[in-house]
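This report concerns only the one structure given below.
Number of protein chains: 2
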Amino acid sequence: MTNDSAAESSVAVKKDSKGKSRTYRPGRIRERNRERILIAAEEEFALNGYKGTTIQNIAERAGLPKSNVLYYFSNKKRMYGAMFDDILARWNKVFTEISPEDDPAEALATFIRNKVEMSRKYPLASRLFAMEIIQGAPFLLDHLRTNMREWVRGRAEVIQSWIDDGRMAPVDPVQLIFLIWSSTQHYADFQVQILMVENKAEYEKRDFDHAAEFLTGVILRGCGLESPK
Amino acid sequence: MTNDSAAESSVAVKKDSKGKSRTYRPGRIRERNRERILIAAEEEFALNGYKGTTIQNIAERAGLPKSNVLYYFSNKKRMYGAMFDDILARWNKVFTEISPEDDPAEALATFIRNKVEMSRKYPLASRLFAMEIIQGAPFLLDHLRTNMREWVRGRAEVIQSWIDDGRMAPVDPVQLIFLIWSSTQHYADFQVQILMVENKAEYEKRDFDHAAEFLTGVILRGCGLESPK
DNA sequence: TCACTTGTTGTCCATTTGTTCAGGAGTCCG
DNA sequence: CGGACTCCTGAACAAATGGACAACAAGTGA
Numbered sequence: 001m002t003n004d005s006a007a008e009s010s011v012a013v014k015k016d017s018k019g020k021s022r023t024y025r026p027g028r029i030r031e032r033n034r035e036r037i038l039i040a041a042e043e044e045f046a047l048n049g050y051k052g053t054t055i056q057n058i059a060e061r062a063g064l065p066k067s068n069v070l071y072y073f074s075n076k077k078r079m080y081g082a083m084f085d086d087i088l089a090r091w092n093k094v095f096t097e098i099s100p101e102d103d104p105a106e107a108l109a110t111f112i113r114n115k116v117e118m119s120r121k122y123p124l125a126s127r128l129f130a131m132e133i134i135q136g137a138p139f140l141l142d143h144l145r146t147n148m149r150e151w152v153r154g155r156a157e158v159i160q161s162w163i164d165d166g167r168m169a170p171v172d173p174v175q176l177i178f179l180i181w182s183s184t185q186h187y188a189d190f191q192v193q194i195l196m197v198e199n200k201a202e203y204e205k206r207d208f209d210h211a212a213e214f215l216t217g218v219i220l221r222g223c224g225l226e227s228p229k
Numbered sequence: 230m231t232n233d234s235a236a237e238s239s240v241a242v243k244k245d246s247k248g249k250s251r252t253y254r255p256g257r258i259r260e261r262n263r264e265r266i267l268i269a270a271e272e273e274f275a276l277n278g279y280k281g282t283t284i285q286n287i288a289e290r291a292g293l294p295k296s297n298v299l300y301y302f303s304n305k306k307r308m309y310g311a312m313f314d315d316i317l318a319r320w321n322k323v324f325t326e327i328s329p330e331d332d333p334a335e336a337l338a339t340f341i342r343n344k345v346e347m348s349r350k351y352p353l354a355s356r357l358f359a360m361e362i363i364q365g366a367p368f369l370l371d372h373l374r375t376n377m378r379e380w381v382r383g384r385a386e387v388i389q390s391w392i393d394d395g396r397m398a399p400v401d402p403v404q405l406i407f408l409i410w411s412s413t414q415h416y417a418d419f420q421v422q423i424l425m426v427e428n429k430a431e432y433e434k435r436d437f438d439h440a441a442e443f444l445t446g447v448i449l450r451g452c453g454l455e456s457p458k
């Protein structure tokens, strides 16, 4: 997606000594360790940033020697890239399409709820993404320019059609998407700030429910819509 | 504020050989270089994160030898701290108080506009702050727990009083502050994403005006308020 | 001019870090 | 059991980095 690390998880095709081609399964050892490493990497990168993260730290967190980590991901950059491939794939699965026939209130509410749920379920991914963008998206620039642009454009067109049909207030659709994006993302990215300000030690499930409810309420009303009950 | 770097800019009081105390002006050499370094530091830290930034890079950007940078800020941590002291001071100056007597629509609109203006004027500061929080606020934890908590609490109380007086819809005041905070901050922090999605090379002033207008429109309406003209 | 402080800078060093590599252990299959 | 391949790992290394330091230059008030 963003780099050529895809080869890392694919099935290797090699030729044996007789020149015949044979296929080998990567085996589940590879699968398992790869995953372990990526999970550790997600935590470390989110906590310390790209440069601040050392392969040593990732290895320790994954309970493997550094050399072994480098056996799976030939270098740090690739690891970082592979992580984002994983994250983006995960996100893609969640966000369903919307269409002009949908009910605006329903669709927007669902979007907001999904996004908040995402912040709850994958806060590390959210933070990783945020840090990457803040630093100028050196790895994801291409993704932003292609996939994400198309994604936003598609949504914006549907929203615009709702507006044209007089089914919601005339607000800038792209700005609306940004608003939903940022306000929901905030619960993952600025977790510490929220916890400190609210004097809590940890999030609870109902905090997210409350947040989702608040956001749908205000944003829908802001779009001239009634919240679906 | 967050560390003891205050001493760095204060007037040094030393005793001379005879034991008499004398005061020396730091002179404007110190002032000027300090500022130059901090500006360079802001750019570097925002671009590469704490760990990713090297004193060498800061020095080069400031056009000084590394040793000279270390003469002004004895180590990297202190530099980082001094930077935030500057940033927080800058912010404090901008956000005026609100009171129960104010008009809710007027006050919220002003707040949103100020915050967007902040994103425009000091995008680096905003990003720096965001990265710090995302990484768990190792330097600003204390600030969040004290100053920021009080700040939010104070605002929330005023908003609540507006609600109690039936002057706006009953929305959670703290969540409302978070919403405004995140949605406005977004224009600075996720600049690259926005530019890519909108297929632009650079922000223009009117982009911010447009954003502020959109946000006040949606959020105020979401709070059951009319936008002040 | 003198005494003292402040400012400047090149050099040095211990440590960390990404990455390479060579060799060995484990696994699978005919 | 033997060969082919996958998986593992300790050791080594060049580059980079934060910081210490000493010697020197410039500024300042009396």
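Sequence lines, in order, name chains A and B.
The numbers in our numbering rise by one with no breaks, and the one at position 118 of the first sequence is 118.
The numbers in our numbering rise by one with no breaks, and the one at position 133 of the second sequence is 362.
Glycine included, each C-beta is placed from N, C-alpha and C at the ideal position.
What does the alpha-carbon distance come out to for the pair residue i and residue j?
i                : j                : result
Val69 (chain A)  : Ala41 (chain A)  : 10 Å
Ala188 (chain A) : Val94 (chain A)  : 17 Å
Ser456 (chain B) : Asp394 (chain B) : 19 Å
Met196 (chain A) : Trp380 (chain B) : 12 Å
Arg30 (chain A)  : Thr54 (chain A)  : 22 Å
Thr325 (chain B) : Leu337 (chain B) : 12 Å
Arg396 (chain B) : Pro333 (chain B) : 7 Å
Phe358 (chain B) : Arg307 (chain B) : 16 Å
Arg153 (chain A) : Ser303 (chain B) : 50 Å
Ile406 (chain B) : Cys452 (chain B) : 12 Å
Glu198 (chain A) : Met360 (chain B) : 20 Å
Lys205 (chain A) : Glu431 (chain B) : 40 Å
Asn376 (chain B) : Tyr71 (chain A)  : 47 Å
Ile194 (chain A) : Leu454 (chain B) : 26 Å
Apart from the five residues just before and just after residue i, which ones in its own chain have a Cβ nearer than 7 Å to its Cβ?
i                : result
Pro170 (chain A) : Ile163
Arg61 (chain A)  : Ala40, Glu43 and Glu44
Thr2 (chain A)   : Unreliable positioning characterises Thr2 (chain A) in this predicted model, as indicated by a pLDDT of 35, which lies under 50. A coordinate reading is not provided.
Tyr279 (chain B) : Tyr309
Pro294 (chain B) : Ala288
Return the chain-ordered list of same chain residues with a C-beta closer than 6 Å to the C-beta of residue i, the five sequence neighbours on each side being excluded.
i                : result
Pro329 (chain B) : Val387 and Ser390
Pro255 (chain B) : Low local confidence applies: a pLDDT of 49 at Pro255 (chain B) is under 50, so the model's placement there is unreliable, with the coordinate-based value given in what follows. Same-chain partners within the cutoff: there are none.
Val403 (chain B) : Ala385
Pro352 (chain B) : Ala417
Could you name the residues of the same chain whose beta carbon sits closer than 8 Å to that of residue i, not counting the 5 residues immediately before and after it, in chain order?
i                : result
Ile341 (chain B) : Ile409, Thr413, Ala441, Leu444, Thr445 and Ile448
Ser355 (chain B) : Met347, Ser348, Gln414, Ala417 and Asp418
Ile327 (chain B) : Ala336, Phe340, Arg384 and Val387
Arg36 (chain A)  : Ala62, Gly63 and Leu64
What residues from chain B crowd round residue i, counting only those whose CB sits closer than 8 Å?
i                : result
Met196 (chain A) : Ala366, Leu370, Leu373, Arg374, Met377 and Arg378
Ser182 (chain A) : Ser411, Ser412, Gln414, His415 and Phe419
Gln56 (chain A)  : Under the 8 Å cutoff, chain B gives no residues; its nearest Cβ is about 14 Å from Gln56 (chain A).
Arg61 (chain A)  : The premise fails here: Arg61 (chain A) is roughly 16 Å from chain B at the closest Cβ pair, so nothing lies under 8 Å.
With respect to 7 Å, is the separation between the Cβ of residue i and the closest non-hydrogen atom of the ligand GDP below this value?
i                : result
Val421 (chain B) : In the structure shown, the ligand GDP is absent, as is every other ligand, since no ligand is present at all.
Cβ closer than 7 Å: which chain A residues qualify as neighbours of residue i?
i                : result
Lys280 (chain B) : Asn48, Gly49, Lys51 and Gly52
Ala440 (chain B) : Gln175
Phe443 (chain B) : Val171, Asp172 and Gln175
Arg356 (chain B) : Ile134
Since residue i meets chain B, which of its residues come closer than 7 Å, beta carbon to beta carbon?
i                : result
Asp86 (chain A)  : Here the premise fails: no neighbours, minimum Cβ distance about 19 Å.
Phe178 (chain A) : His415 and Ile423
Asn253 (chain A) : Shown here, chain A extends from 1 to 229; a query on residue 253 (chain A) therefore has no answer.
If I follow the unbroken alpha helix (DSSP H) through residue i, where does it start and stop?
i                : result
Ala398 (chain B) : Element bounds for Ala398 (chain B): n/a, residue is neither H nor E.
Leu215 (chain A) : Lys205 to Gly222
Pro428 (chain B) : It is Asn, not Pro, that sits at residue 428 (chain B) in the sequence shown. No alpha helix (DSSP H) holds Asn428 (chain B); DSSP gives it neither H nor E.
Ser456 (chain B) : Taken as a continuous stretch (DSSP letters only), Ser456 (chain B) belongs to no alpha helix (DSSP H), as it is neither H nor E.
Gln285 (chain B) : Ile284 to Ala291
Ala109 (chain A) : Pro104 to Lys121
Leu299 (chain B) : Lys295 to Tyr301
Phe84 (chain A)  : Lys76 to Val94
Mind listing the chain A neighbours of residue i? Cutoff is C-beta to C-beta under 9 Å, in chain order.
i                : result
Ala359 (chain B) : Ala130, Met131, Ile134, Asp189 and Phe190
Which residues in chain A sit within 8 Å of residue i, going by Cβ to Cβ distance?
i                : result
Ile448 (chain B) : Val218 and Gly222
Find the residues of chain B that neighbour residue i, judging by a C-beta separation of less than 9 Å, and give them in chain order.
i                : result
Asn199 (chain A) : Arg374 and Arg378
Just by C-beta distance, which residues in the region 324 to 336 of chain B are closer than 8 Å to chain A?
Residues are counted here when their Cβ sits less than 8 Å from a Cβ of chain A; for the region 324 to 336 of chain B the count is zero.
If the cut-off is 7 Å on Cβ atoms, which residues from the region 152 to 169 of chain A count as contacting chain B, listed in chain order?
Within the region 152 to 169 of chain A, the qualifying residues are Val152.
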